[in-house]
Ligand SMILES: [Zn+2]
Ligand SMILES: [Zn+2]
């Protein structure tokens, strides 16, 4: 499919514009996706502003970022076996080489060939161009076919919700247990909804409007750390003095890293989802050792998309879409980012539609 398309092109840190560029061509194992809906990720503003260039995101300019999307396959390259034109798909950021030891074990989020394009590794929207465009090419491994009753808008949430599922899986959530989630943003709310769907009760820790929003979406108990005293003591009080079976840290500040460990019960599990700004964060090391807490770093969402899509389709994550508070057309990308970053009008998940037709 030759022709031109609109894309949000970043030219330098903080400098981007909507431009007409060539529609890319799918290579071997790749498909061309018509992007129908994009979600702004919490990590996108940093990539646009050039704050995470040390990670190689982006590796060069000009660059098209973005990794949370859904769309439809419009063209397939050579040797594509699992997708056909017309398939509705949602995407993942990580695409492993497929042949290294970690990829073979299903841990393609930890591909040992990270950054090696020759070997087939891709990190869409990070070190490989992404979805802030009307079309983009993707390796067939990075896409999941969506059930008919899952909308394109809902499909954009699969990457975020999948990461929350990965954290909960690492912690071994069991029905009837209790989970603490720190940080009522899109990631924390996803974790709350999935933990509830898995049969756990959820205490959400945060503050203000977003905490109230998490309560409206179904958190069993809320701890507003600005109003109550010590949130660690509050968690203990709510859990019969023991602490929680698992704690999901999705707030990304030093206090939350420290407190998340202290909120776990003896033998409990803690998952960090937020990327700390640097190494050497304070972690409650003594408490961790004395109480045999297991701590999991959580990176992305390997093998989670299919499960999230199924849970959206069967209604057990039916309220996930309530996180979508705003939708903008692609020519208002700047306004969309501003709304997301400033959390204007209670913004939680802000979407962009690259085409005028309804998603
Ligand atoms: Zn994301
Ligand atoms: Zn690999």
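Numbering (my numbering), first residue to last: 2 to 360. Beta carbons: idealized from backbone N, C-alpha and C, even for Gly.
With distances taken Cα to Cα, identify the nearest neighbour of residue i among the options.
i	options	result
residue 138	78, 119 and 118	78
residue 23	3, 115 and 31	3
residue 219	189, 306 and 57	189
residue 30	142, 112 and 49	142
residue 93	63, 27, 34 and 204	34
residue 211	234, 200, 225 and 199	225
residue 306	102, 146 and 83	146
residue 63	310, 200 and 19	19
residue 299	208, 239, 47 and 111	111
residue 16	105, 52 and 344	52
residue 48	358, 345 and 338	338
residue 54	222, 32, 11 and 235	11
residue 32	8, 50 and 85	85
residue 115	106, 101, 105 and 107	101
residue 358	345, 184 and 37	37
residue 237	216, 215, 260 and 217	260
residue 148	113, 286, 315 and 28	315
residue 21	7, 234 and 28	7
residue 176	196, 192, 191 and 356	196
For my contact list, residue i and residue j are in at a C-beta cut-off of 8 Å; report their separation, rounded to the angstrom.
i	j	result
residue 39	residue 136	Contact doesn't hold; Cβ gap of about 12 Å is too wide.
residue 248	residue 284	Not quite, the Cβ-Cβ distance comes to about 12 Å (not below 8 Å), so this is no contact.
residue 174	residue 202	The pair is not a contact, with the Cβ atoms about 11 Å apart (cut-off 8 Å).
residue 165	residue 126	That pair is no contact at about 19 Å.
residue 309	residue 81	Between residue 81 and residue 309 the Cβ distance is about 23 Å, and since that is not below 8 Å, they are no contact.
residue 294	residue 257	15 Å between Cβ atoms; not a contact.
residue 204	residue 239	6 Å
residue 162	residue 318	7 Å
residue 121	residue 214	Their Cβ separation, rounded to whole angstroms, is 40 Å, which puts residue 121 and residue 214 out of contact at 8 Å.
residue 187	residue 207	The Cβ separation is near 12 Å, so there is no contact.
residue 198	residue 312	6 Å
So what does residue i bridge to, in DSSP terms?
i	result
residue 129	125
residue 110	Its beta-bridge partners do not exist; DSSP assigns none.
residue 264	According to DSSP, which records beta bridges pairwise, residue 264 is partnered with nothing at all.
residue 161	Looking at the DSSP assignment, residue 161 forms no beta bridge with any residue, so it has no partner.
residue 21	7
residue 145	91
residue 179	202
residue 136	35
residue 73	35 and 89
residue 223	205
residue 272	249 and 297
residue 96	123
residue 16	13
residue 40	69 and 352
residue 64	11
Nearest chain C C-beta to residue i closer than 8 Å, yes or no?
i	result
residue 189	Chain labels in this structure do not include chain C; a single protein chain is all it has.
Is there contact here, the region 345 to 359 with the region 226 to 244, by at least three beta-carbon pairs under 8 Å? no
Check whether the region 166 to 180 touches the region 91 to 105, counting contact only when three or more Cβ pairs, one atom from each stretch, lie closer than 8 Å. no
Mind the definition here: the region 270 to 278 touches the region 240 to 260 only if three or more C-beta pairs lie below 8 Å; say whether that holds. yes
Going residue by residue through the region 279 to 360, where are the continuous beta strand (DSSP E) segments of at least 3 residues, counting only ones entirely within it? 295 to 298, 325 to 330 and 350 to 354
Evaluate the contact criterion for the region 115 to 130 versus the region 56 to 65: three or more CB pairs, one atom per stretch, below 8 Å. yes
Within the chosen definition, does the region 43 to 55 reach the region 71 to 89 through at least 3 CB pairs nearer than 8 Å? no
Would you call the region 259 to 275 in contact with the region 233 to 248, where contact means no fewer than 3 C-beta pairs closer than 8 Å? yes
Kindly confirm or deny that the region 63 to 75 and the region 149 to 167 touch, where touching means at least three C-beta pairs closer than 8 Å. yes
Within 8 Å, do at least three Cβ pairs link the region 291 to 303 to the region 323 to 336? no
Restricting to runs no shorter than 4 residues, where is the alpha helix (DSSP H) found entirely within the region 194 to 221? 209 to 217
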